[in-house]
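To start, the structure under review is shown below, and the notes come after it.
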Amino acid sequence: MAVEVRELECFLVLSEELHFGRTAERLYLSQSRVSQLLQSLERRIGGQLFERTSRRVALTPLGKEFLTSLRPAYAALERVVENAREYAAQAKGTLRIGFQGAANDQILRAVSAFQSRNPNCLINVCELPLNDPFGALRRGAVDAAVVLLPVAEDDLVVGPVFSRHPQTLAVCRSHRLADRSSVDAEELAGETLIAAADPAPGYWRQAQAPTQTPSGALIHRGPGVHTLQEGLSLIAAGRGAMLICEPTASTNHRADISTVPVSGLPDSALALIWRRGEQTPSVQAFARHLEQT
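Counting from 273, one number per residue, gives the positions in the sequence shown under the working numbering.
Dropping the structure here:
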């Protein structure tokens, strides 16, 4: 005769509590239901597991023997279920992720760790144009994208936000600010900032290359670029400056460009985004992974 797992669970909890009321509370059952489960288990076994009086509940010799044998077996069953749950939660298939510019060390570590924990999921990474942060996602060329904030698109969902870093100003070596240890955002007044070209949304372009300082002083808008490398080349040629985060500055170090920390501006931040209503299990798993990283 098959034994119900709920009966075993009831027996184990009652063996700890030795009280029907507390057992019922732990299992979110009524006391009468606890009694029914225990009686059913005793009928299956063919013997009494507990001595029950109005004053006390105690294990019988049979109950003690049964408990000794059941505990390791039940723990093993729980491990089997947990292992199956973990396997079911693993991402599978192919996960296509788009990145703006070069993926920094934090992102690469996160991708590598996710791949190790989800061996049945192949991650393909591709670079997104600086001037089109959302296009590949909307076309279905990638399943998710890691992009600079802000993102205010009705058809896209903003997931985990991570990699917050102060902004730096990238300038050519001959620039007046090139040898400074830091600059204040107000000192950008009158400077020319290189920005992403169309079709990047205006609000997003404004966040990456503002046209005024926090106090309202004018910052000139420089050439529009399609890629980070294009922007760096224009910087080196003296065509303007560019705001980039510290990891991007470190990853793209060039002898002909200086990067200077900027105070007075919001930190840059990355976020994982995906199409609304189209969060695949792999995207969901990767989002959870980033939240825990």
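Just so you know, even glycine gets a beta-carbon here, dropped at the ideal spot from N, CA and C.
Within 10 angstroms of its Cβ, does L290 collect 16 or more other Cβ (buried), or is it exposed?
When all chains shown are included, L290 counts as exposed.
Which word fits Q480, buried or exposed, when buried means at least 16 other C-beta atoms lie within 10 angstroms of its C-beta?
Around the CB of Q480, 16 or more other CB atoms lie within 10 Å, so the residue is classed as buried.
Sorted by chain position, which residues of the same chain lie with C-beta nearer than 7 angstroms to T552's C-beta, five sequence neighbours on each side aside?
Non-local beta-carbon contacts of T552 in its own chain, meaning distances under 7 angstroms to residues more than five positions away in sequence, involve D415 in chain order.
Selected residue, minimal CA-CA separation from S326, among V275, S435, G293, L394
Considering only alpha carbons, the answer is G293.
Can you round the beta-carbon distance between D456 and S535 to whole angstroms, since I take them to be within the 8 angstroms contact cut?
The C-beta separation of D456 from S535 comes to about 5 angstroms, placing the pair in contact by the 8 angstroms criterion.
Helix, strand or coil for A566? Go by DSSP, reduced to three states.
Nothing can be reported for residue 566, as the shown portion of the chain is limited to 273 through 565.
Three CB pairs or more closer than 8 angstroms across the region 387 to 405 and the region 340 to 354:
With a cut-off of 8 angstroms, the region 340 to 354 and the region 387 to 405 do not count as touching, because too few Cβ pairs lie within range.
Could you check what DSSP says for Q551 in three-state terms: helix, strand or coil?
Assignment of Q551 by DSSP, reduced to helix, strand and coil, places it in the coil class.
Can you tell me which of S287, P533, D528, L301 puts its alpha carbon nearest to the alpha carbon of R328?
Considering only alpha carbons, the answer is S287.
Based on the DSSP output, what are the partners of F322 in its beta bridges?
Partner residues in the beta bridge of F322, as assigned by DSSP, are L331.
Might you give, ordered along the chain, the residues of its own chain that have their beta carbon closer than 6 angstroms to the beta carbon of T531, omitting 5 neighbours on each side?
Result list for T531: T440, A442, A521, in chain order.
Local Cβ density within 10 Å of Q564, reported as buried at 16 or more and exposed below that:
Counting other Cβ atoms within 10 Å of its Cβ, Q564 stays below 16 and is therefore classed as exposed.
Roughly how far, in whole angstroms, is the beta-carbon of L506 from the beta-carbon of I466, given that I think they are within contact range, below 8 angstroms?
Yes, L506 and I466 are in contact; Cβ-Cβ is about 6 angstroms, under 8 angstroms.
With the cut-off set at 9 angstroms, would you say V418 and L349 are in Cβ contact?
No, the pair does not count as a contact, with Cβ atoms beyond the cut-off.
I'd like to confirm the pairing. Which residues does DSSP put opposite W229 in its beta bridges?
Since the displayed the chain opens at 273 and closes at 565, residue 229 lies outside it and no answer follows.
Answer with buried or exposed for C282, where buried requires no fewer than 16 other C-beta atoms within 10 angstroms of its C-beta.
Classification of C282: buried, given that the 10 Å Cβ count is 16 or more.
Could you tell me how far apart the beta carbons of E581 and Q320 are, in whole angstroms, since I believe they sit closer than 8 angstroms?
Residue 581 cannot be examined here, being either before or after the span of the chain that is shown, 273 to 565.
Hey, would you say P519 sits closer than 9 angstroms to H447, going by beta carbons?
Remark: C-beta atoms of P519 and H447 do not approach each other more closely than 9 angstroms.
Per DSSP, what kind of secondary structure is I491 in: helix, strand or coil?
DSSP places I491 in the coil class of the three-state scheme, outside both helix and strand.
What residue range is occupied by the uninterrupted alpha helix (DSSP H) comprising L409?
The continuous alpha helix (DSSP H) containing L409 extends over residues 407 to 411.
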